[in-house]
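J.: The structure follows.
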């Protein structure tokens with residue numbers, strides 16, 4: 001609808017600019033509107049019936065009631081007419097005109113009402129309408145009362161729940177106050193336990209590091225011992241080889257002794273005299289070898305040249321009769337190279353192994 005009556009009224013011709021008679025200004029404006037809308041309105045069409053239906057439906061532009069372009073133009077004119085009717089300032093006491101406008105069944109009746117040509121309702125009709133409105137208001141009042149009762153019930157239930165919640169909250173607050181010292185002591189005990197656990201962990205870490213260090217030391221010692229075992233095993237192997245050689249030499253000497261004995265039994269001859277010298281020499285060698293075996297492979301040295309040979313790391317001769325003759329030049333060379341082993345004090349015995 002339009003917001004003002006002036007905007008809803010079509011332009012007025014200059015012929016109508018005259019003094020308005022004593023009757024209502026609204027009726028005069030309606031006459032002007034009716035005259036301007038007459039060529040396009042069909043006053044003899046069927047009545048506009050139904051509260052939900054034709055008139056208001058057409059005015060609101062519902063798609064089910066809109067037909068051709070002419071019908072749309074007519075509905076537009078009706079909308080302009082109604083907007084003018086309902087936006088004019090009507091006195092508060094003139095409620096009958098509004099009622100007549102709502103009860104109009106056709107455009108003709110609508111224009112008559114706008115001109116002021118409508119019959120007032122009778123007292124019986126007014127009473128019936130008032131009773132109907134009273135019934136409606138009583139029904140609404142009953143609905144509102146029931147709703148208020150339900151809301152009051154809900155409010156009481158909510159207040160009861162709030163009361164229970166407040167009571168439970170107070171109980172929890174008291175329990176929290178009671179449990180506060182216990183929680184404080186528990187936190188202190190937990191802090192002490194964590195500190196003790198940290199100290200114990202640090203102590204265990206130190207012990208573990210110390211154990212790893214000892215393990216590394218033991219592993220190093222074991223490695224050294226393994227190296228010593230390898231060295232001793234090699235020395236034992238060398239000694240076994242020396243014992244085997246000594247056994248071979250002793251066997252050879254025994255064979256030579258047997259041969260010398262056989263020659264001695266046959267008679268006195270040059271080979272026999274030579275055999276005696278050989279036997280004496282071999283006896284010295286065997287005795288020396290026995291001393292070496294008896295002393296676990298160690299031989300006392302009284303001869304500087306023998307000591308020089310032992311100090312130089314050379315094998316001491318004596319495993320065969322030919323090895324007993326040392327080279328004088330070699331002895332002098334060894335004496336010059338190792339002078340500290342040439343001077344053997346009286347009573348000192350140097351061991352060779």
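Residue numbers (the numbering used here): 1 to 353. Glycine included, every Cβ here is placed at the ideal spot set by N, Cα and C. What you are looking at is a predicted structure, and each value in this text was computed from that prediction instead of being measured.
1) Among residues of its own chain, excluding the 5 on either side of residue 438, which ones have a beta-carbon nearer than 6 Å to its beta-carbon?
2) So, with DSSP's three-state summary, where would you put residue 76?
3) Counting C-beta neighbours from all protein chains within 10 Å, is the total for residue 98 16 or more, i.e. buried, or is it exposed?
4) I need the straight-line Cα distance from residue 191 to residue 215, nearest angstrom please.
5) How close, in whole Å, do the beta carbons of residue 104 and residue 113 come, if the pair is a contact with beta carbons under 8 Å?
6) According to the neighbour-count rule (16 or more other Cβ atoms, all chains shown, within 10 Å of its Cβ), is residue 80 buried or exposed?
7) Is any heavy atom of the ligand ZN found at a distance shorter than 7 Å from the C-beta of residue 287?
8) Quick one: using the 10 Å Cβ neighbour count with 16 as the cut-off for buried, is residue 285 buried or exposed?
9) Pick helix, strand or coil for residue 116, following the three-state DSSP scheme.
10) Suppose you measure from the CA of residue 82 to the CA of residue 162; what does that come to, to the nearest Å?
11) Using only the alpha-carbon positions, how far apart do residue 156 and residue 165 sit?
12) Quick check: what's the CA-CA separation for residue 283 versus residue 218?
13) When burial is assigned at 16 or more other CB atoms within 10 Å of the CB, is residue 220 buried or exposed?
14) Measuring alpha carbon to alpha carbon, tell me which of 172, 96, 211 ends up nearest residue 126.
15) Can you give me the C-alpha to C-alpha distance between residue 246 and residue 213, rounded to a whole angstrom?
16) I'd like the list of long-range same chain contacts for residue 222, defined as Cβ closer than 7 Å, with 5 residues on each side in sequence excluded.
17) In this structure, how does DSSP classify residue 193 when only helix, strand and coil are distinguished?
18) Around the C-beta of residue 173, are 16 or more other C-beta atoms found within 10 angstroms, so that it is buried, or is it exposed?
19) Taking all protein chains shown into account, decide if residue 241 is buried (16 or more other Cβ within 10 angstroms of its Cβ) or exposed.
20) To which residues of the same chain is residue 227 closer than 7 Å at the C-beta, ignoring the five residues directly before and after it?
21) Just the C-alpha distance for residue 252 and residue 230, rounded to the nearest angstrom, thanks.
22) Roughly how many angstroms separate the alpha carbons of residue 232 and residue 244, rounded to a whole number?
T.: Short version:
1) Residue coverage of the chain in this structure runs from 1 to 353, which leaves residue 438 outside it and unanswerable.
2) Counting from 1 along the chain shown, the entry for residue 76 is found at position 76. Residue 76 falls in the helix class under three-state DSSP.
3) Your numbering for residue 98 matches position 98 in the chain shown. With fewer than 16 other Cβ atoms within 10 Å, it is exposed.
4) Counted from its first residue, the chain shown places residue 191 at position 191. Counted from its first residue, the chain shown places residue 215 at position 215. Taking the straight line joining both Cα atoms gives about 35 Å.
5) Within the chain shown, numbered from 1, the residue matching residue 104 stands at position 104. Within the chain shown, numbered from 1, the residue matching residue 113 stands at position 113. At roughly 6 Å, the Cβ-Cβ gap stays under 8 Å, so residue 104 and residue 113 are in contact.
6) Counting from one through the chain shown, the residue named residue 80 turns up at place 80. Looking at its Cβ environment, which holds 16 or more other Cβ atoms inside 10 Å, residue 80 is buried.
7) Looking at this structure, you won't find the ligand ZN or any other ligand, since it has none at all.
8) Residue mapping note: residue 285 aligns to position 285 of the chain shown, counting from 1. Counting Cβ neighbours within 10 Å, residue 285 comes out buried, since at least 16 surround it.
9) Numbered from 1 along the chain shown, position 116 holds the residue referred to as residue 116. The answer is coil: DSSP assigns residue 116 none of H, G, I, E or B.
10) To locate residue 82, count along the chain shown from 1; it is residue 82. To locate residue 162, count along the chain shown from 1; it is residue 162. C-alpha separation (whole angstroms): 55 Å.
11) The residue given as residue 156 occupies position 156 in the chain shown. The residue given as residue 165 occupies position 165 in the chain shown. Computed Cα separation, rounded: 14 Å.
12) Along the chain shown, one-based indexing puts residue 283 at 283. Along the chain shown, one-based indexing puts residue 218 at 218. Between residue 283 and residue 218, the C-alpha separation is close to 52 Å.
13) Counting from 1 along the chain shown, the entry for residue 220 is found at position 220. It counts as exposed.
14) As a first step, residue 126 is located in the chain shown; it is residue number 126 there, counting from the start. If we check each option's Cα against that of residue 126, 96 comes out closest.
15) As a working note, residue 246 is residue 246 in the chain shown. As a working note, residue 213 is residue 213 in the chain shown. Their backbone Cα atoms lie some 49 Å apart in a straight line.
16) Residue numbering aside, residue 222 sits at position 222 when the chain shown is read from its first letter. Cβ neighbours of residue 222 beyond the five flanking positions: none.
17) Indexing the chain shown from 1 puts residue 193 at position 193. Here residue 193 sits in helix by DSSP.
18) If you number the chain shown from 1, residue 173 lands on position 173. Exposed is the call here.
19) As a working mapping, residue 241 is identified with position 241 in the chain shown. By the neighbour-count rule (16 or more Cβ atoms within 10 Å), residue 241 is not buried but exposed.
20) Start at 1 with the first residue of the chain shown, and residue 227 comes out as number 227. Within the same chain, residue 227 has no close Cβ partners at all.
21) Here residue 252 refers to the residue found at position 252 of the chain shown. Here residue 230 refers to the residue found at position 230 of the chain shown. Going from the Cα of residue 252 to the Cα of residue 230 covers about 33 Å.
22) As a first step, residue 232 is located in the chain shown; it is residue number 232 there, counting from the start. As a first step, residue 244 is located in the chain shown; it is residue number 244 there, counting from the start. Cα-Cα distance, rounded: 18 Å.
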